[in-house]
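Colleague: Using the numbering used here, the letters of the sequence shown map in sequence onto residues 1041 to 1252. The C-beta atom is built at its ideal place from N, Cα and C for all residues, glycine as well.
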Amino acid sequence: MPMKKMEAVMPEQSSVHFYLNWAKERIDEMDATLASLEAKTAQVQADSKAKAGQLIADLQKRRDDFQATVKKYSEAGGAAWEGTRRELDTLWNDFETQLKTYIESVGKNIQQQQTTFRDVAAAQVKAWRDTADNLQAAASKVAVARRADIDAAVKQMKADASETAARMQKLKQAGTESWTALGAALAESRKAFDRANQAGWDAFKRAAPPEA
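#1: Would residue 1252 be called buried (16 or more neighbouring beta carbons within 10 Å of its own) or exposed?
#2: Grouping DSSP H, G and I as helix and E and B as strand, with all else coil, what is residue 1138?
#3: Assign residue 1041 to buried or exposed, taking buried as 16 or more other Cβ atoms, counted over all protein chains shown, within 10 Å of its Cβ.
#4: Could you check which residue in 1219, 1177, 1229 has the C-alpha nearest to that of residue 1244?
#5: Kindly indicate which three-state DSSP category residue 1124 falls into: helix, strand or coil?
#6: Of all the options 1077, 1090, 1240, 1070, which has the alpha carbon lying nearest to the alpha carbon of residue 1170?
#7: Which residues in the same chain have their Cβ closer than 7 Å to the Cβ of residue 1193, if we skip the five residues on either side of it in sequence?
#8: So what's residue 1056 in DSSP terms, helix, strand or just coil?
#9: Quick one: grab the DSSP three-state call for residue 1202.
#10: Would you kindly work out how many angstroms separate the C-alpha atoms of residue 1133 and residue 1195, rounded to a whole number?
#11: Taking its Cβ as the centre, do 16 or more other Cβ atoms sit within 10 Å of residue 1190, making it buried, or is it exposed?
#12: Could you say which of 1130, 1157, 1120 lies nearest to residue 1080 if we only look at CA atoms?
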């Protein structure tokens, strides 16, 4: 089930909002990575095409396993998600390890690495902004007098998204960074997204009435 459709059945508990936003961000990154690698397969050296195809197929399987697990628990409560998060972390780490294998074996072309970085960075920034929009939409159900913390979290998340976009743009323009450096930048942005996502939904949990 595409994550956009999942949003329509997303439970109201703020903890589940947090987990689904977390999961959607990872799926968006995986989708962007796969699309980028697949678009560049023609540039892979002839003797490496078979290996590239197998590695991409393995990455697709890991993405599919991750998405299937998210779908399975999409309507579960927060307690169930806490256990699932550990399973998803493992699946995500497997995807990253497989991507590293791809880069080190058949994806050494700097231009291709930069393109993949650009595409994944764009997916990250979109995830920041989508999450801010989701939080803002949820805030509309909260009494105006109790929205201050949520509004502040949304404002901060949007500011962080702009800062992240600017930082990624500088790295793209440099065009000389290794994949190690690019991957580290993506990882740091991902951690910042998780912190902002948590802060936003914590604010919602404090402000929302018990039945929300």
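Modeller: In this structure, then:
#1: Note on residue 1252: pLDDT 41, under 50, position unreliable in the model; the coordinate value appears next. Answer is exposed; the Cβ neighbour count stays below 16.
#2: helix
#3: Any reading at residue 1041 must be qualified, since the residue scores a pLDDT of 41, below 50, and its modelled position is unreliable; the value itself is stated next. Label assigned to residue 1041: exposed.
#4: 1177
#5: helix
#6: 1240
#7: 1175, 1239, 1240, 1243
#8: helix
#9: helix
#10: 31 Å
#11: buried
#12: 1157
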